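Read the structure below first, then the notes.
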Ligand SMILES: C[S@@+](CC[C@H](N)C(=O)[O-])C[C@H]1O[C@@H](n2cnc3c(N)ncnc32)[C@H](O)[C@@H]1O
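Residue numbers (my numbering): 2 to 348.
Take a look at the structure:
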């Protein structure tokens, strides 16, 4: 029973899992809108109940164990490509495999791998990537749309209590249940400098970051996806902080690079997207179709349409520098809603 409740509660928590709405057979968007605040509150409320129970029944356990129980420890190996860089015997193979996806062995994200009997590439976990963005002068780490802050807690577990002593961890979340759940976990740990804040991408308020100097690591993970149009003032506000800001988005917006799909979405072209929905499994090979399917998923749930344009605008105006961009690197939770990564240094 507990296991069932956990799986149910956790369903909406997997970063790549979209809203628990019934998928339509075709592109009929009238039956599918983005996740409601209420349903998100219910999900995070269930996780909170589980955490209360864990704390009560296993008071000596570390939060890492609770995260593992909730299927939320995904820190991955550090620098898996080092093996190929340092071994003459396998380096040419490694180079060739990476070159096939336009990468080299210096890439900090992809590494050579074998999957389903074939040489291919995999990526380190987003948590590991974010950990790599922490600097000696990092004073705060913040996730917007943080849910119950599982990503922040994983970063904390990986980075460790000692090195986290001078870092404020901030979960900025839409739902009270997510905030309360995170506070309970932080309280159980007792050492993390954790703060929960109410946050809405449509009216962003980041006053809680104004006191920081040094460097702030900001990230988002499958939360901007849920807001059709985020307020671009978020970037202006981040630029106006005293600290230097790194921002990493892990969001399913790779399809936004297609001008054609963006035009169809702006036109709310139901016939076009309906056609994609009706032939969804027709082509599982081409990149174009993968993008179209992701655009369809976004359209039927009224998911985000403006993140990529905000990033491009900022970098185009030289107010930020795009350090890394990886389109559609993983569909681990839902192949229809694949994650892309954008790493930007704001100026
Ligand atoms: C799929 S969950 C991801 C949560 C978390 N980022 C993670 O990876 O576990 C989406 C999150 O976006 C939040 N969200 C939805 N609408 C939002 C809004 N307007 N502003 C801020 N966050 C929002 C939800 O409350 C939820 O916590």
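Note that CB positions come from ideal geometry on N, CA and C, so glycine has one too.
These figures come from a predicted structure and were not determined experimentally.
Figure out for me which residue from 331, 113, 341, 71 has the closest Cα to the Cα of residue 358. With the chain covering 2 to 348 only, the question about residue 358 has no answer from this structure.
Bridge-paired residues (DSSP) for residue 344: In the chain shown, counting from the first residue as 1, residue 344 sits at position 343. In the DSSP assignment, the residues bridged to residue 344 are 249, 325.
Which one or two residues does DSSP pair with residue 169 in a beta bridge? For this step, residue 169 is matched to residue 168 along the chain shown. As a beta-bridge residue in DSSP terms, residue 169 pairs with 141.
Local Cβ density within 10 Å of residue 179, reported as buried at 16 or more and exposed below that: Looking up residue 179 in the chain shown gives position 178. So residue 179 counts as buried.
Complete runs of the beta strand (DSSP E) confined to the stretch 183-209 [at least 3 residues]: Within the stretch 183-209, the complete beta strand (DSSP E) runs of at least 3 residues are 195-199.
Could you spell out where the alpha helix (DSSP H) holding residue 158 opens and where it closes? Reading the chain shown from its first residue, position 157 is the one you call residue 158. Boundaries of the alpha helix (DSSP H) around residue 158: 151-160.
Buried or exposed for residue 94, going by 16 or more other Cβ atoms inside 10 Å? As a working note, residue 94 is residue 93 in the chain shown. By the neighbour-count rule (16 or more Cβ atoms within 10 Å), residue 94 is not buried but exposed.
N- and C-terminal bounds of the beta strand (DSSP E) containing residue 80: Against the chain shown, residue 80 aligns to sequence position 79. Element bounds for residue 80: n/a, residue is neither H nor E.
From the DSSP output, which residues share a beta bridge with residue 123? Residue numbering aside, residue 123 sits at position 122 when the chain shown is read from its first letter. According to the DSSP secondary-structure assignment, residue 123 is paired through a beta bridge with 112.
Verify the contact flag: residue 181, CB atom, against every heavy atom of ligand 1, threshold strictly below 7 Å. The residue given as residue 181 occupies position 180 in the chain shown. Flag unset: Cβ of residue 181 not near ligand 1.
Please work out which residues of its chain come closer than 7 Å, Cβ to Cβ, to residue 210, disregarding the five sequence neighbours upstream and downstream, and give them in chain order. By one-based count along the chain shown, residue 210 stands at place 209. In chain order, 141, 143, 217, 242 place their CB closer than 7 Å to the CB of residue 210, counting only its own chain and leaving out the 5 sequence neighbours on each side.
Tell me the rounded alpha-carbon separation between residue 338 and residue 226. Here the question's residue 338 lines up with position 337 in the chain shown. Here the question's residue 226 lines up with position 225 in the chain shown. Taking C-alpha positions only, residue 338 is separated from residue 226 by approximately 9 Å.
Between the C-alpha atoms of residue 311 and residue 305, what's the straight-line distance to the nearest angstrom? In the chain shown, the residue the question calls residue 311 occupies position 310. In the chain shown, the residue the question calls residue 305 occupies position 304. Straight-line Cα distance between these residues: approximately 12 Å.
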